[in-house]
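Okay, so here's the structure we're looking at.
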Amino acid sequence: MFRNKARLLAALFCLGMAPAAGMGGNAGTYLAGRVAGMEADHLRAADYFSRALALDAQNPALMELALTSQVNLGNFDNAAAIMHRMQGADVHASLMDIVQTAEWVKAGDYAALRDAFDEGFTTGDLLEGFLDRLVRGWAELGAGDTSAALAEFDAAAAEPMLRGVVLYHKALALAVSGDHAAAAALLSGESEGPLPLSGRGLRLRAQVESQLGRFDRALADLREAYDGMIPPQMADVAAALESGEAVPLGVADAGAGIAEAFYTMAQVLYGQASNSLSLVYAQLARELNPGNVDALLMVASIFDEQGNYELAGDLYDEVPRDHPAYLQAEFGRAGALRYAGRLDAAIEVLNQLSKTYPDLLDVQVSLGDALTADDRWEAARAAYDRAVELLPEPDESDWQIFYARGITLERLKLWEEAEADFRRALELSPQEPRVLNYLGYSLVERRENLDEALAMIQEAAAQRPDDGYIADSLGWVYYRLGRYEDAVEPMEHAAEIMAIDPVINDHLGDVYWAVGRKLEARFMWRRALSFTDYGSSNEDIDPDRVRRKLDIGLDAVLAEEGAAPLATHSEGN
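With mature numbering (1 follows the signal peptide of the UniProt record, and there is no 0) applied, the sequence shown covers -20 to -1, 1 to 553.
Here is the structure:
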């Protein structure tokens, strides 16, 4: 019901609408900022637009673009300064209302926010007044009118699709106002009927029950909600309840409640319109309630998706060690470092986690994966060995651990152990195409069980016909079996999918040679060399061997190596 509106607003938030023609001598800086904005490079966009605005201080389009870039970065003080300049120039843009909301709330001027709604003010609401009602309800509470606040929440709850979210906010408002009993009754379903609760709702219910001294009930409710397995993110709540300690509210006042409303909207919109709107609302939630770690994690996640890995890593690093989300944040930080090209730093983060959480399966697997990416096979094997030790009873989903360890063992030239892991992975997930392909290809390279290898790779190719690696494996097993004509089609298909992969180009060259297409073979070998990084550790291609094939042909190279000759083929071209 709101996707088209979301896309439109997102486009406006991201790009602005001004042509470069009106920028005069500022056009280069303006265009550089626009490109940075379209690439979601918020730091560069903010820098370019700030410089452009310094040279053309009254340009409405530059003001709006500079405002957008500062909000995307969460720099609300800078955004407020730009907003006041726009107000002075009688310029209006959608994001100004967001920044104005932040300014009123931070100043504690809830009455101004409430009164603005009476005059048509909006927060950029996309859900038929839903967000405005939530924010207004909290503004009424902040202004001291609890009855009016609850009336706003009740009006918003009339929409069935959003009832659960609104009643969560109503319960929060009741708790903030000190009526813990009413909040508990609402959350338990006693006062307004059954209410499905998210993790945040379950945490709130435990908080208000603990404020009422109902520690045993709160703990029992928590265990029931999670089928007796309380997750790590709730461990702090469970520990406090077991000790008979009241759990403080995560939302302490109306300002934090408004932050929660914007975080709610960020959640609703997450996954739409490139997450540009979710970023704006989550940044505002962080600004109004710096303790909202979930909003921080959402911003960091969006930065990750946009390729802003350094910004993401800095945010993940802000999560305190004693926070329930610390582990999640450290996983995120390791991922951001890895994608930023700082693999050593990512491995160090995961190494520290493995020392802090030596018995946590996901930590060991993530460490093994990072070490594998760095070709540190012995260390990766140790991490995967520990992961396997931690498996209580392997189930279907655990095939990936045995598969990953199998690759590590194969790289360490421990084939028998590697094969055992690959076959164990297939026992757990019999038709898994990645395992079928890797094991099948390995058998082909070892020239073992070629019929079985062919059957494995054919099954993998049937499941994933457009996977370049699998198509390459299928063509290569045909080649190894001497079925050269059969090898051509899948190998050409692999080269279409992965045109710059040196190994696939080399393989296709061999296949072409085997069917007598020698000019094409030499062309593919030259392509393979052009895509080969001579400083890499790729063990699947030997540039010197490829050059030798170009010099004397594949038949002569095989003879030099003492390998079996190709089956009879025509001389071709």
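Every residue gets a Cβ at the ideal spot worked out from N, C-alpha and C, and that includes glycine.
Here the structure is a predicted model, which is why all the values come from computation and not from measurement.
Out of Val188, Leu259, Arg203, which one is the CA nearest neighbour of residue 599?
Here the chain covers residues -20 to 553 and nothing more, so residue 599 does not appear.
Could you pull the start and end residues of the alpha helix (DSSP H) that Asn39 belongs to?
First-last for Asn39: undefined, no H or E at that position.
**Message:** Helix, strand or coil, according to DSSP, for Val526 in the structure here?
**Reply:** helix
- Task: Count the other CB atoms, across all protein chains shown, that sit within 10 Å of the CB of Thr548; report buried if there are 16 or more and exposed otherwise.
- Result: exposed
* Asked: Secondary structure at Asp134, three-state DSSP: helix, strand or coil?
  -> helix
Length-filtered (4 minimum) alpha helix (DSSP H) runs lying within the segment 208 to 292: 215 to 222, 234 to 249, 256 to 268, 273 to 286
Quiz prompt | Best match in Val343, Leu351, Glu376 for proximity to Ala367 [C-alpha to C-alpha] | solution = Val343
Distance, Cα to Cα, Ala362 vs Trp456?
32 Å
Could you check what DSSP says for Leu392 in three-state terms: helix, strand or coil?
coil
- Thinking just about the alpha-carbon of each residue, which of Leu461, Gly462, Val415, Leu430 is nearest to the one in Ala441? Val415
TODO: Less than 8 Å between the CB atoms is what I'm expecting for Gly104 and Asp77, so what's the real figure, rounded?
DONE: 6 Å
Quick one, which of Leu111, Ala165, Ile387, Ser127 has its alpha-carbon nearest Met145's?
It should be noted that the sequence gives Val, not Met, for residue 145. Closest by alpha carbon: Leu111.
His487, buried or exposed, once every other Cβ within 10 Å from all chains shown has been counted against 16: buried
(message) Need the endpoints of the alpha helix (DSSP H) that Phe56 sits in, please.
(response) 56 to 68
Query - Among Asp98, Pro140, Arg94, the one whose alpha carbon lies nearest that of Asp125 - result: Arg94
Check your understanding: Applying the criterion that 16 or more other CB atoms from any shown protein chain within 10 Å of the CB defines a buried residue, is Leu167 buried or exposed?
Key -> buried
Could you check whether Tyr464 and Val491 sit closer than 9 Å to each other, using their CB atoms as the reference points? yes
Exercise. How about Val79 and Met63: do their beta carbons lie closer than 9 Å?
Worked result: yes
Worksheet entry | Collapsed DSSP secondary structure at Phe101 in the structure displayed | coil
Q: Please confirm if the segment 39 to 51 is in contact with the segment 22 to 30, defined as three or more CB-CB distances below 8 Å between the two stretches.
A: yes
Cβ-Cβ distance between residue 555 and Ala218 below 9 Å
The structure shown does not extend to residue 555, since the chain spans only -20 to 553, so no value can be given for it.
**Asked** Helix, strand or coil for Ala543 per DSSP?
**Response** coil
Review point. Rounded to a whole number of angstroms, what is the C-alpha to C-alpha distance between Asp535 and Gly496?
Key: 11 Å
- Query: Any contact of the segment 136 to 150 with the segment 176 to 188, i.e. 3+ C-beta pairs under 8 Å?
  - Reply: yes
Just to check my reading of the structure: Gln308 and Leu277 have Cβ atoms closer than 8 Å, yes? What is that Cβ distance to the nearest angstrom?
7 Å
Inter-residue Cα distance where the pair is His160 and Ala239: 20 Å
Three-state secondary structure (DSSP) at Thr512? coil
| query | By Cβ distance, which residues of its chain are closer than 8 Å to Gln213, with the 5 residues on each side in sequence left out? | reply | Gly179, Pro304, Ala305, Gln308
How big is the Cα-Cα spacing for Gly515 and Ser409? Only weak support is given to the placement of Gly515: the predicted model assigns it a pLDDT of 46, under 50, and the question is left unresolved by the model.
Is Gly489 helix, strand or coil when you go by DSSP? helix
I'd like the span of the alpha helix (DSSP H) that includes Ala163, first residue to last. 160 to 168
Next item on the list: Note down, in chain order, each residue of its chain lying with its Cβ closer than 8 Å to the Cβ of Thr352, except the 5 sequence neighbours on either side.
Entry: Ala360, Ala384, Ile387, Thr388
Which of helix, strand or coil DSSP assigns to Asn15
Residue identity check: residue 15 is Val in the sequence provided, not Asn. Of the three classes helix, strand and coil, the one that applies to Val15 here is helix, per DSSP.
- Query: Considering only residues of the same chain and omitting the five flanking positions on each side of Tyr449, which have a CB-CB separation below 7 Å?
  - Reply: Asn417
Just to confirm my understanding: we take Ala433, look at its own chain, exclude 5 residues before and 5 after, and list those with CB closer than 6 Å. What are they?
Gly420, Leu423, Val424, Val457
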